[in-house]
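Keeping their order, the protein sequence lines are chains A and B.
Numbering follows the UniProt record's numbering, in which position 296 of the first sequence is assigned residue number 296; successive positions increment by one, without gaps.
Numbering follows the UniProt record's numbering, in which position 18 of the second sequence is assigned residue number 18; successive positions increment by one, without gaps.
Here a beta-carbon is modelled for each residue, glycine too, at the ideal position from N, C-alpha and C.
Since the structure comes first, as C-alpha cells, the remarks are kept for the end.
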Amino acid sequence: MFLYILKRLVTVTPVAFGVSVVCFLLVHLAPGDPLSAVLPADATQATIDEMRAAYGFDKPLPVQYAIWLWHVLHGDLGVSIATGRPVAQEVGRAVVNSLILASVATLIGFTFGVFFGFVAGYRRNSILDRVASALSVFGVSVPHYWLGMVLVIVFSATLGWLPPTGAGPDGSGNWRPDFEHLRYIILPAITMAVIPMGIIARTVRALVADILSQDFVEALRAKGLSEWGVFKHVVRNAAPTALAIMGLQLGYLLGGSILIETVFAWPGTGFLLNAAIFQRDLPLLQGSILVLAMFFVALNLVVDVMQTALDPRIERA
Amino acid sequence: MTAPLTAASVALDGNLAAPPDAPEAFVASRGFWGHVGHRLVRDPVAMTAGAVILIVVAIAVLSPWITPMDPYKGSMLRRLKPVGDATYWLGSDELGRDMISRLMLGSRLSLFMGVTPVLIAFVIGSSIGILAGYVGGWTNTILMRTIDVFFAFPSVLLAIALSGALGAGIFNSIVSLTCVFVPQIARVAESVTTGIRKRDYIDAAKLSGASALTIMRVQVLGNVVGPIFVYSTSLISVSMILASGLSFLGLGVRPPEPEWGLMLNTLRTAIYVNPVVAALPGLAIFIVSISFNLFSDGLRNAMEIRQ
C-alpha cells in the first residue's frame, strides 16, 4: 500500500507541475501588460520600467516562473492589487467558506443520490426508477445559477422563509455552525447539491443493477440469506465506486462554485474569483485558481488511494 | 462535468459495422447508420427532444424576421410588464423591451456560443486523440500527459479562469470553452482509437500499402467517429450552460445584445417585482440543455454504446 501511494505521488507530480505552469501563464495570457491595472494611466516610461523591475517582469519568462514557483512553494502567493493583503491570506479565508458549502452540498447530494440510485437499481423500470432517472437528467441539465435564482424567488422573495444572500445575519464573511447561520446555507447548498445528486444517482443505479445481475447474488439468495443480508453485500460492492464519485464531486463543486456563490453572494473562493476578474486583480486570480486546482489534484489522489484501499479487487501494481 | 468518468467508460461495444441484431443474410442490410436512424425514430423521448432542438434552431435562424416587436427598443413607461400582457405576451424586461422578441433573438447567440466550442473541440480533440491513439509510444505519452494537466482543473473553473484572463467577449468565451472541451474529447478519441488499432482491418490496410495518414483518415476515423460524436453531443448541454454562465457573470456577451445568460443576469434585480419574467431566460437555457441531453442519450442507446 505504501509503495502504491508512493507510485501515485510520482505520477501526480508532473500534473501538479503542469498545473502550476498553466496558472503562471494565465497572467501572461491577459491582454496588455500585467502591470496595467496597478499603474496610473499617466505613468512615465521611467516609472513603468521601475515597476517592471520591481515585480520582476523584465526577466525572461522561465526565470520569472522559477522565482514565482519558489515563492509559491514557500506559501507566498503574492499581494492582492485591490486590497493590498497577501493573496494566501485572502484565499485561505475564502476557501474555508467554500469548503463548508461544498461539503454540505455533497453530503445532501450523496444522501439523495444514493437513495434514488439504490431504489432505481433495485426496482428497474418501475415508476420510482423513472422518477430517479428524470431527476438525474434534471440535475445535469439545469443551469444551476438559474435554479439558485428560482429558489431565491420562491423561498425568499415570495415566501420570505429564508435569506436570499450572504453567509450570516451580520453580513460577516465567516460561516459558523449555529441555527441562524444554518438558514443562510440551505438555499445555496440545495442548489449546489442538484448536480452531484443526479450524477451519483445515475452511477449508483447502474452499479446496483450490475451487482444484482451477478452470479454471486444468486448464490447468496440460493443459500438462504435474507434480503437484508444480500443488501449488505450489494452495499459493500457498490461503496468504493460511489465514495470515489462523491470525492470527485466535492472537488468539482469547490472549483465550480463561482456561479452559485455569485448568485448567493457567498463569501467563498468563487466570489473572490469573481472580484479578482472584474478588478483585474491578477495575483488574486492566479492565486485562487492555483489553490483550487491543486486542491482538486490532491483530492483526486486521495480518492484514488482510498478507493484502492477500500476495494481489494483493484490491483495495486 | 462528468468527463473523467464518462471519458473512460465510453468505449466501443464490439464491432460497429455489425450490430447484434443485424438482419438475416440475403436481406439487404440498412447499414450501420440506417440502424441507428431506425432505432432513434422509435425512441419517443429522443424524437421529442430532437423536435424541440429543431424548433429552437428554426427560431434562431428566422428570429430577425419573425420577432413580434423590436428586441432593442425599450420604453421606460412599460418596464417589467407581467407575462400575459396584451402587448408584451411574455412581459417586458427591466428596460421595457419585449421579452418574447428578446428571447427569440437571444437564442441565436446562446445556441451559437454553446454549440461552436463543441464543434471546434470535436475537430481538434478528435485529431489529437486519434493521432495519440494510433501512433502510440512517446507521441501518445506527451500528448496525453499534457491533456491530464487540463483534467486537473474542474471544467467550470478552467472556463472562468481562461475567460477571466482573456477578458470578456464572445470570441474569448468561445476560445476558453473550446479549451475546456478539447482535452475531454481527445481523451475519449484516444481511448477509442487505442481500442481498434490492433484490429485486423488496420493490419490489412497496412499490408496493402496504405500510408499512416490514409489509414487514420479512412480505417480509423470511420470506426471511431461515431462514439466520439455521441460523446461530443453530450457536451453541448454542458457547453450551453457554461456559455450562458459566462455571460451571466459578465464575461461573455455584452449588453444590449440579447443572450439568455446575460438577460438572466440583468433581470436578477427584478426578482422582487416580476419573478416570473426574471426566470424566463433561465427556463429557455434549461429546455434547450435538457433537450440536447435527452437527444444525446437517445443517440447513444441507438448506437448501442455502453455508458
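Problem set entry | Nearest-angstrom Cα separation, counted from residue 200 of chain B out to residue 246 of chain B | 47 Å
Exercise. Any contact of the region 110-119 of chain A with the region 251-265 of chain B, i.e. 3+ C-beta pairs under 8 Å?
Worked result: no
For this session: Under 7 Å Cβ to Cβ from residue 206 of chain B, same chain only, skipping five residues before and after it: list those, please.
Result: 215
Exercise. Taking DSSP as the reference, what is the three-state secondary structure of residue 98 of chain B?
Worked result: strand
Exercise. Can you list the residues of chain B that residue 155 of chain A reaches, using a CB-CB cut of under 9 Å?
Worked result: Ordered by position in chain B, no residue passes the 9 Å Cβ test against residue 155 of chain A, which lies about 11 Å from the chain.
Exercise. Buried or exposed: which applies to residue 14 of chain B, given that a residue is buried once 16 or more other Cβ atoms fall within 10 Å of its Cβ?
Worked result: Low confidence applies to residue 14 of chain B: its pLDDT is 39, below 50, so where it sits in the model is not reliable, and the reading given next is rough at best. Exposed, because fewer than 16 other Cβ atoms sit within 10 Å of the Cβ of residue 14 of chain B.
Problem set entry | Identity of the residues DSSP links to residue 92 of chain B by a beta bridge | B:98
Exercise. Does the beta carbon of residue 272 of chain B sit closer than 8 Å to a beta carbon anywhere in chain A?
Worked result: yes
Problem set entry | Close beta carbons around residue 265 of chain A, own chain, < 6 Å, minus the five adjacent residues each side | 165, 166
Exercise. Under a three-way DSSP split, which group does residue 23 of chain B fall into?
Worked result: Only weak support is given to the placement of residue 23 of chain B: the predicted model assigns it a pLDDT of 49, under 50, and the question is left unresolved by the model.
For this session: Run down chain A in chain order and give the residues with a C-beta less than 8 Å from the C-beta of residue 290 of chain B.
Result: 137, 138, 141, 142
For this session: For my contact list, residue 255 of chain A and residue 296 of chain A are in at a C-beta cut-off of 8 Å; report their separation, rounded to the angstrom.
Result: 6 Å
Problem set entry | Separation of residue 245 of chain A from residue 22 of chain B, as counted between CA atoms | With a pLDDT of 49 at residue 22 of chain B, under the threshold of 50, the modelled position of this residue cannot be trusted; read the value that follows with caution. So the two alpha carbons sit approximately 37 Å from each other.
Problem set entry | Backbone secondary structure at residue 288 of chain B - three-state DSSP | helix
Problem set entry | Distance, residue 225 of chain B Cα to residue 327 of chain B Cα | No information on residue 327 of chain B is available, as it lies outside the stretch 1 to 307 that chain B covers here.
For this session: Pull out every residue of the region 115-127 of chain A whose Cβ sits closer than 9 Å to any Cβ of chain B, in chain order.
Result: none
Exercise. Of all the CB atoms in chain B, is at least one closer than 8 Å to the CB of residue 293 of chain A?
Worked result: yes
For this session: Apply the 10 Å Cβ neighbour rule to residue 33 of chain B and answer buried if 16 or more other Cβ atoms are within range, or exposed otherwise.
Result: exposed
Exercise. Does the Cβ of residue 205 of chain A have 16 or more other Cβ atoms within 10 Å, making it buried, or fewer, making it exposed?
Worked result: buried
Exercise. How about the region 271-287 of chain A and the region 68-84 of chain A: do they share at least three Cβ pairs that are nearer than 8 Å?
Worked result: yes
For this session: Just the chain B side, please: which residues come within less than 8 Å of residue 149 of chain A by C-beta, in chain order?
Result: 264, 268, 271, 278, 279, 282
For this session: Pick helix, strand or coil for residue 41 of chain B, following the three-state DSSP scheme.
Result: helix
Exercise. Using a Cβ cut-off of 9 Å, which residues of the region 137-149 of chain B contact any Cβ in chain A, in chain order?
Worked result: 145, 146, 148, 149
For this session: Please state if the CB of residue 288 of chain B and the CB of residue 118 of chain B are separated by a distance shorter than 8 Å.
Result: no
Exercise. Which chain B residues are close to residue 256 of chain A, counting only those with a beta carbon under 8 Å from its beta carbon?
Worked result: 1, 154, 155, 156, 157
For this session: Look at the Cβ atom of residue 281 of chain B, then the Cβ atom of residue 103 of chain B, and state whether they are nearer than 8 Å.
Result: yes
Problem set entry | Under 9 Å from the C-beta of residue 287 of chain A: neighbouring residues of chain B | Result: empty, since nearest Cβ-Cβ is about 12 Å, beyond 9 Å.
Exercise. Between residue 154 of chain B and residue 252 of chain A, which are expected to be in contact by the criterion C-beta below 8 Å, what is the C-beta distance as a whole number of angstroms?
Worked result: 5 Å
Exercise. Taking Cβ-Cβ distances below 9 Å as the criterion, which residues of the region 252-276 of chain A are in contact with chain B?
Worked result: 252, 253, 254, 255, 256, 257, 258, 259, 262, 263, 270, 273, 274, 276
For this session: Would you please state the rounded distance, in angstroms, between the beta carbons of residue 235 of chain B and residue 150 of chain B? I believe it to be under 8 Å.
Result: In fact, because the Cβ distance is near 14 Å, the residues do not count as touching under 8 Å.
Exercise. If you compare alpha carbons, which of A:15, A:89, A:242 is closest to residue 294 of chain A?
Worked result: A:15
Problem set entry | Bounding residues of the alpha helix (DSSP H) (the contiguous stretch that carries residue 62 of chain A) | 61-73
For this session: Starting from residue 145 of chain A, trace the alpha helix (DSSP H) both ways and give me its first and last residue.
Result: 144-151
Exercise. From B:248, B:131, B:253, pick the residue whose C-alpha is nearest to that of residue 172 of chain B; which is it?
Worked result: B:253
For this session: Give the interface partners of residue 112 of chain B over in chain A, defined as CB-CB distance under 7 Å, in chain order.
Result: By Cβ distance, chain A contributes nothing, its closest Cβ being about 17 Å from residue 112 of chain B, past 7 Å.
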